[in-house]
Amino acid sequence: KINAVLPIKTFDSDHFVFMATALGTVKKTPLSEFSRPRSAGIIALDLDPEDYLIGVAVTDGQHDVMLFSDEGKAVRFAESDVRPMGRTARGVRGMRLPEGQQLIALLVAEHERQSVLTATENGFGKRTPVEEYTRHGRGGQGMIAIQTTPRNGKVVSAALVEPEDELMLITTGGVLIRTRVQEIREMSRATQGVTLIALDAGEKLVSLTRADESSTEEAVE
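What follows is the structure, encoded as structure tokens:
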């Protein structure tokens with residue numbers, strides 16, 4: 750299925766397509782290598798049989814990359830730790846994951862004033878300053894981003910936010926709620942978070958996204 754759509758104006762060699770997979774692999778390919786598309790598509794990443802793409806971003810090679818797992822762990826490393834590769838390359842290890850765990854988010858941090866909003870399947874979440882996520886080399890098991898207790902469940906989403914942003918949360922029951930980031934207080938990494946959305950019995954939170962302030966509706970996958 751289609752996993753990501755990126756708006757591109759020019760295919761220059763100063764920018765990159767940065768990709769992350771569910772099993773912790775990352776890859777950086779010059780944007781210029783995608784300048785000659787075909788109607789049937791072109792290879793962007795060589796995947797292992799059980800792996801799949803979970804996130805894609807266009808970068809300039811100068812920022813930090815953050816990866817988040819469904820068990821509440823995160824790694825942060827300089828994008829320069831990943832060398833540019835061709836389209837058919839497999840990539841390198843971005844995060845070491847225990848068996849059964851997977852990545853759920855790829856973020857590119859632009860500055861320390863941003864916060865990371867993490868959300869769990871049982872409707873809990875929190876906002877934590879980017880600066881609390883210490884920069885390390887890629888390939889580690891990561892640090893705690895949010896506790897995945899029985900109350901919280903697994904992490905389903907992570908997003909970079911600013912206080913003035915608005916969020917849209919969607920559940921398995923088709924309920925969509927819009928809320929302001931500033932209403933979610935900042936908390937340290939090793940905490941459980943607060944209620945983001947009240948869920949009915951058997952319902953789960955499946956996604957959150959930053960809302961477009963010019964509209965009241967936005968598609969969420």
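The numbering used here puts the last residue of the sequence shown at 970; the count rises by one with no breaks. We put the beta carbon where it would ideally sit given N, CA and C, even for glycine.
Span separating the alpha-carbon of residue i from that of residue j
i	j	result
residue 762	residue 888	26 Å
residue 959	residue 917	6 Å
residue 871	residue 907	14 Å
residue 862	residue 884	15 Å
residue 895	residue 834	32 Å
residue 927	residue 817	23 Å
residue 938	residue 878	9 Å
residue 921	residue 949	10 Å
residue 821	residue 798	25 Å
residue 754	residue 891	28 Å
residue 806	residue 947	31 Å
residue 784	residue 764	12 Å
residue 963	residue 913	For residue 963, the pLDDT reaches just 49, beneath the cut-off of 50, and the residue's location in the model is therefore unreliable, leaving the point undetermined.
residue 965	residue 915	Residue confidence for residue 965 is low, a pLDDT of 43 falling below 50, so the modelled location carries little weight and cannot support an answer.
Rounded Cβ spacing between residue i and residue j (contact assumed at less than 8 Å)
i	j	result
residue 957	residue 873	The pair is not a contact, with the Cβ atoms about 12 Å apart (cut-off 8 Å).
residue 936	residue 876	7 Å
residue 865	residue 882	7 Å
residue 772	residue 855	The pair is not a contact, with the Cβ atoms about 13 Å apart (cut-off 8 Å).
Within 8 Å, strictly: CB atoms of residue i and residue j
i	j	result
residue 954	residue 905	yes
residue 828	residue 811	yes
residue 803	residue 769	yes
residue 778	residue 800	no
residue 924	residue 911	no
residue 902	residue 867	no
Boundaries of the beta strand (DSSP E) in which residue i is found, first to last residue
i	result
residue 797	That residue, residue 797, is in no beta strand (DSSP E); it is neither H nor E in DSSP.
residue 920	915–920
residue 959	954–959
Beta strand (DSSP E) segments (min. 3 residues) lying fully within the region 761–805: 765–770 and 774–779
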